[in-house]
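Colleague: This structure is in structure tokens; I'll ask about it shortly.
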DNA sequence: CGTAAACTCTGCAGTCACTACAGAGTCAAG
DNA sequence: CTTGACTCTGTAGTGACTGCAGAGTTTACG
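Residue numbers (the working numbering), protein chains in the order written: chain A, 72 to 208; chain B, 72 to 208.
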């Protein structure tokens, strides 16, 4: 019966609610070592605290910005190491920014082709479709 | 010894070379039913023909345009069915186009935030990094 | 105090679109 | 006839989750 003694402790569902994270995803982050293993009650229930919440929010924000997990792990390492230099973080952010821009460029190229091809469609019930021809040729 | 009788028949590596497709991906497309099972030699080697090549190219082009596999399966179904109407293909293409545009919009939002945040970085060896603060807050 | 609902635990399977590998068999050239 | 290049199969791994089954625990209500 070592239940939640500390007032700020959170169970899994509470952490999920406060962070907006899917409850299973939390377990996944723990499994891959992005979140530290929390202490447990005598019966094995996880007890998170505010630090876990802050760290999870950090991860979620970085994910929203499209950082891959391993990159986030690196950022967290910089934070934890205490030796974080703005220069290093800036470099990583800019590298990621280039990735994002490259993906945008890719998608725009795709957008152009799709829009052009679709525009040629008559929209009629004819068997000769410019889209299919473009794909087949 | 039912070897490659027909002149246009292709072995796996040849099909891969001509299409530019990874050799293992061909097998994968077969497995999920995107490419029809080709005839085999007596010893079990696959023998593709020009139709397989054309179909594979169709799939690869559609993939380049970002169509998901299941959508391509649908397009192929329209082609095979012979009842293909330009209207239907156009509708699907436009639906996909909207998907692509939504993804572009997402990435642009991300790009904006990343660029703004990185710009605030001093690039110095200081411990207070605006990027980390933005992620943590 | 009993019980039923709501929560949590674990491990594992599935997603998407491939990609890679191991170990065995087959074919072509020298 | 051997060597190297090809092919065969099944299976596992990728990234980033998501979902489920089956068992145990806690909590709220009457």
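Don't be surprised by glycine CBs; every beta carbon is placed ideally from N, CA and C. The structure displayed is predicted, hence computed values, not measured ones.
Give me the DSSP bridge partner(s) of residue 81 of chain B.
Modeller: The partner list for residue 81 of chain B (beta bridge, DSSP) reads B/119.
Colleague: Within 8 angstroms, do at least three Cβ pairs link the stretch 137 to 152 of chain A to the stretch 111 to 121 of chain A?
Modeller: Taking 8 angstroms as the limit for Cβ pairs, the verdict is that the stretch 137 to 152 of chain A does not touch the stretch 111 to 121 of chain A.
Colleague: Does the stretch 83 to 90 of chain B come close enough to the stretch 185 to 205 of chain B to have 3 or more Cβ pairs within less than 8 angstroms?
Modeller: No: the two stretches stay apart, fewer than three of their Cβ pairs being nearer than 8 angstroms.
Colleague: Roughly how many angstroms lie between the CA atoms of residue 140 of chain A and residue 157 of chain A, to the nearest whole one?
Modeller: Whole-angstrom Cα-Cα distance: 20 angstroms.
Colleague: Since residue 97 of chain B is in the alpha helix (DSSP H), which residue starts that stretch and which ends it?
Modeller: It spans 94 to 102 - the alpha helix (DSSP H) in which residue 97 of chain B sits, taken as one unbroken run.
Colleague: Hey, how far is the Cα of residue 142 of chain B from the Cα of residue 138 of chain A?
Modeller: Answer to the nearest angstrom: the Cα atoms are 28 angstroms apart.
Colleague: Measuring CA to CA, which of A/88, A/152, A/133 and A/183 is closest to residue 167 of chain A?
Modeller: Among A/88, A/152, A/133 and A/183, the Cα nearest to that of residue 167 of chain A belongs to A/133.
Colleague: Could you check where the alpha helix (DSSP H) with residue 148 of chain B kicks off and where it finishes?
Modeller: It spans 140 to 152 - the alpha helix (DSSP H) in which residue 148 of chain B sits, taken as one unbroken run.
Colleague: Quick check on residue 76 of chain B: buried or exposed, where buried means 16 or more other Cβ atoms within 10 Å of its Cβ?
Modeller: Reliability of the predicted coordinates at residue 76 of chain B is poor, the pLDDT of 48 falling under 50, and the value obtained from them is presented with this limitation in mind. With fewer than 16 Cβ atoms within 10 Å of its Cβ, residue 76 of chain B is classed as exposed.
Colleague: Which residue or residues does DSSP assign as beta-bridge partners of residue 111 of chain B?
Modeller: Answer is B/117.
Colleague: Considering only their Cβ atoms, is the gap separating residue 171 of chain B from residue 178 of chain A smaller than 7 angstroms?
Modeller: Yes, they are a contact pair.
Colleague: Report all residues from its chain with a CB closer than 8 angstroms to the CB of residue 192 of chain B; omit the five preceding and five following residues, and keep chain order.
Modeller: Excluding positions up to five away in sequence, the list reads 200, 201 and 202.
Colleague: Flag residue 158 of chain B as yes if its beta-carbon sits less than 7 angstroms from any beta-carbon of chain A, otherwise no.
Modeller: It does: the Cβ of residue 158 of chain B has a partner Cβ on chain A nearer than 7 angstroms.
Colleague: Between the C-alpha atoms of residue 73 of chain A and residue 107 of chain A, what's the straight-line distance to the nearest angstrom?
Modeller: Low per-residue confidence applies at residue 73 of chain A: pLDDT is 41, beneath 50, and the placement is therefore not dependable, though the value from the model is reported in the following sentence. Cα-Cα distance, rounded: 20 angstroms.
Colleague: Measuring only the C-alpha atoms, how far is residue 151 of chain B from residue 164 of chain A?
Modeller: Their Cα atoms are separated by approximately 47 angstroms.
Colleague: Figure out for me which residue from A/89, A/128, A/92 and A/204 has the closest Cα to the Cα of residue 160 of chain B.
Modeller: When each option's Cα is compared against that of residue 160 of chain B, the closest is A/204.
Colleague: Can you pull the chain A residues whose beta carbon is under 9 angstroms from the beta carbon of residue 203 of chain B, in chain order?
Modeller: Per Cβ cutoff of 9 angstroms: 129, 146, 149, 150, 155, 157 and 160.
Colleague: What number of angstroms, rounded off, separates the C-alpha of residue 162 of chain A from the C-alpha of residue 195 of chain B?
Modeller: Going by the C-alpha atoms only, they are around 11 angstroms apart.
Colleague: Please identify, using Cβ separations under 8 angstroms, the residues of the stretch 106 to 118 of chain A that lie next to chain B, in order along the chain.
Modeller: The residues in question: there are none.
Colleague: Report the neighbours of residue 124 of chain B on chain A: residues whose CB is nearer than 9 angstroms to its CB, in chain order.
Modeller: In chain order: nothing, as chain A lies at least about 11 angstroms away.
Colleague: Between which two residues does the alpha helix (DSSP H) carrying residue 185 of chain A extend?
Modeller: Run containing residue 185 of chain A: 157 to 190, per the alpha helix (DSSP H) assignment.
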